[in-house]
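With the numbering used here applied, the sequence shown covers 24 to 364. Just so it is clear, CB atoms sit at the ideal spot from N, CA and C, and this is done for glycine as well.
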Amino acid sequence: MSVRVNKSSFSIREKLSELERPIGVKGNELMRAETAQEARDLVSAGRKNIIINGDMRIAQRGTTSTVDNNYGCVDRWFKYSNGDTSTWGQATDPVHGTYAYWVAKSNGYGNLRQRIEPFFVPTEGLNYTASFWMKISSGTAPLRYEMYNNTNNTDIKSNMNHDTLTTEWKKYIINFRLDSSDSMDNWHLMLGSNGAPANVTFYLTKCQIERGDIATDFEHRSYGEELALCQRYFWQPVTSQFAATSAATWGAMGISYSANSYYVPVQFPTAMRIPPSVGGDGTWRSRRNNVNAFTPSFGIHGAGNVNGCILGFTGGSIPAAEAFWFEADSTDANLFFNAEL
24 MSVRVNKSSF SIREKLSELE RPIGVKGNEL MRAETAQEAR DLVSAGRKNI IINGDMRIAQ
84 RGTTSTVDNN YGCVDRWFKY SNGDTSTWGQ ATDPVHGTYA YWVAKSNGYG NLRQRIEPFF
144 VPTEGLNYTA SFWMKISSGT APLRYEMYNN TNNTDIKSNM NHDTLTTEWK KYIINFRLDS
204 SDSMDNWHLM LGSNGAPANV TFYLTKCQIE RGDIATDFEH RSYGEELALC QRYFWQPVTS
264 QFAATSAATW GAMGISYSAN SYYVPVQFPT AMRIPPSVGG DGTWRSRRNN VNAFTPSFGI
324 HGAGNVNGCI LGFTGGSIPA AEAFWFEADS TDANLFFNAE L
């Protein structure tokens, strides 16, 4: 017994044309990927931005500063303006959120830079893309950028007139390559201008460096994660970490090992890059039976390590072999731990 099946006719040419999907170049690359990791690399999935605090949200030192040629405000960013002491800092914008701002010197010179820790670069080298949003307060100015190897004192890539800064926010993109000679060396990204109008204000945010040739959207990390990345280089305790509000509450607890000499253990919130230096000033209070205000001399006792240290203090009026409460008299008495590059 035979069965006849009838099916409506169709055009082979039309069916073949349906195979020409508009998937684009990147789609073709993804379809050719042989592993999941290769596909993730093609779309820059996962953690990609090697710039820390690229959206300028973290400012442990404060939101304004007049420090020049040093770290002084927005975490991980170093003002490089050769002697200028005009105010720079952190502010907000309804379009981009937080940003950093700084003012050009009278000769139009003003830059921010971030040093990047060493990481392995294979023999064949790696391509990277830097992207960032920038504008100025008035007029126009040539955009300067620089990638510079701080270990070998060699230029990776730079341009004094890469593009034109205007009063409108614009996304700028720079492609560059790290060669094996840059392997495991610290290097920096510098952004700004050497020829801006005098006293013009620069604005910078959403700075990103990622592997590959394509600038993807800015990677938003959580506040806690970004803060921990910054605290690996610099930590400034706040009131709740180093202050007692009364004789019945605990601040940092220490012990006097001889008259007017004390030890205070400090645990860092995250492992720092290297055993840090300690600095600061201000008035402190020790709590025994009453409050004894003093301005101490202090430093790290012993070598210290990346997870914590013991502060050694001299001053005040606590007898030997007594435990005490220890607190800052002001917000944080400017105490800080520094492990910057």
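**OP:** Take T174 and list the residues in its own chain whose beta-carbon comes closer than 8 Å to its own, dropping the five residues that flank it on each side.
**Re:** Closer than 8 Å at Cβ, skipping near neighbours: P141, D208, N209 and W210.
Original post:
What did DSSP end up calling E249 once you bin it into helix, strand or coil?
Top reply: Three-state result, E249: helix.
**OP:** Starting from F265, follow the alpha helix (DSSP H) in both directions and report where the run begins and ends.
**Re:** In the DSSP assignment, F265 falls within the alpha helix (DSSP H) that extends over T262 to F265.
Original post:
With burial defined as no fewer than 16 other Cβ atoms inside 10 Å of the residue's Cβ, what is the status of R369: buried or exposed?
Top reply: Missing from the structure shown is residue 369; the chain here goes from 24 to 364 and no further.
Original post:
Tell me the DSSP bridge mates of D133?
Top reply: Inspection of the sequence shows that residue 133 is occupied by Gly rather than by Asp. Per DSSP, S216.
Subject >> Backbone secondary structure at R55 - three-state DSSP >> reply: If DSSP states are grouped into helix, strand and coil, R55 belongs with the helices.
Original post:
What residues in its chain sit with their C-beta under 8 Å from that of F265, if we drop five residues either side in the sequence?
Top reply: Beyond the five residues adjoining it in sequence on each side, F265 comes within less than 8 Å, by CB distance, of G274, A275, F349, E350, A351, D355, A356 and L358 in the same chain, given in chain order.
**OP:** Check whether the region 77 to 92 touches the region 111 to 120, taking contact to mean three or more Cβ pairs, one atom from each stretch, closer than 8 Å.
**Re:** Flag = yes, the region 77 to 92 and the region 111 to 120 touch.
Original post:
Counting along the chain, where does the beta strand (DSSP E) carrying H185 start and finish?
Top reply: For H185, the uninterrupted beta strand (DSSP E) run begins and ends at T177 to L188, by DSSP.
Subject >> Beta-carbon separation (whole angstroms), Y122 vs L227, contact threshold 8 Å >> reply: Y122 to L227, Cβ: 6 Å. Contact.
Original post:
Does the beta-carbon of M170 have 16 or more other beta-carbons within 10 angstroms, so that it is buried, or is it exposed?
Top reply: M170 should be labelled buried.
**OP:** State the DSSP-derived secondary structure class of D116, mapped to helix, strand or coil.
**Re:** In this structure, D116 counts as strand in the three-state DSSP scheme.
**OP:** Decide if D98 is buried, meaning its Cβ has at least 16 other Cβ atoms within 10 Å, or exposed.
**Re:** Buried.
Original post:
For Y280, is the classification buried or exposed, using 16 other Cβ atoms within 10 angstroms of its Cβ as the cut-off for buried?
Top reply: It is exposed - the Cβ of Y280 has fewer than 16 other Cβ atoms within 10 Å.
**OP:** Report the three-state DSSP secondary structure of Q254 (helix, strand or coil).
**Re:** Judged by DSSP in its simplified three-state form, Q254 adopts helix.
Original post:
Where G106 and I237 are concerned, what is the direct C-alpha to C-alpha distance, given to the nearest angstrom?
Top reply: G106 and I237: Cα-Cα distance of roughly 37 Å.
Subject >> Beta-bridge pairing of V287 - partner residues as DSSP gives them >> reply: V287 pairs with L334.
Subject >> When R138, N93, V223 and R200 are compared against V126, the one with the closest alpha-carbon >> reply: Of R138, N93, V223 and R200, the residue nearest in Cα terms is V223.
Subject >> 8 Å Cβ cutoff met for D205 and N172 >> reply: Yes; because the gap between Cβ atoms is below 8 Å, this pair is in contact.
**OP:** Give me the Cβ distance between L188 and T163, rounded to the nearest whole Å; I'm assuming they're in contact under 8 Å.
**Re:** 6 Å between Cβ atoms; contact.
**OP:** Taking only the alpha-carbon atoms, compute the straight-line gap between W156 and M79 and give it to the nearest angstrom.
**Re:** Taken atom to atom, the span from the alpha-carbon of W156 to that of M79 is near 12 Å.
Original post:
Anyone know if the C-beta pair for T239 and E233 falls short of 8 Å?
Top reply: One thing to note: T239 has its Cβ within 8 Å of the Cβ of E233.
Original post:
G277 lies in the beta strand (DSSP E); which residues open and close that run?
Top reply: For G277, the enclosing beta strand (DSSP E) covers residues A275 to S281.
Subject >> Beta-carbon proximity check, A219 vs G133, cutoff 8 Å >> reply: If you check the CB distance, A219 and G133 come in under 8 Å.
**OP:** Could you round the C-beta distance between A343 and A294 to whole angstroms and report it? I think they count as a contact, below 8 Å.
**Re:** Contact flag wrong, Cβ pair sits at about 33 Å.
Subject >> Rounded straight-line distance, which links the Cα of Q137 to that of S245 >> reply: A straight line joining the alpha-carbon of S245 with that of Q137 spans about 20 Å.
Original post:
Between the Cα of M213 and the Cα atoms of V301, P288 and L135, which residue gives the shortest distance?
Top reply: Closest by alpha carbon: L135.
**OP:** Drop a sphere of 10 angstroms on the beta-carbon of D304, count the other beta-carbons inside from all chains shown, and report buried for 16 or more, exposed for fewer.
**Re:** Under this definition D304 is an exposed residue.
Original post:
What's the call for Y286, buried or exposed, on a 16-neighbour Cβ count within 10 Å?
Top reply: When all chains shown are included, Y286 counts as exposed.
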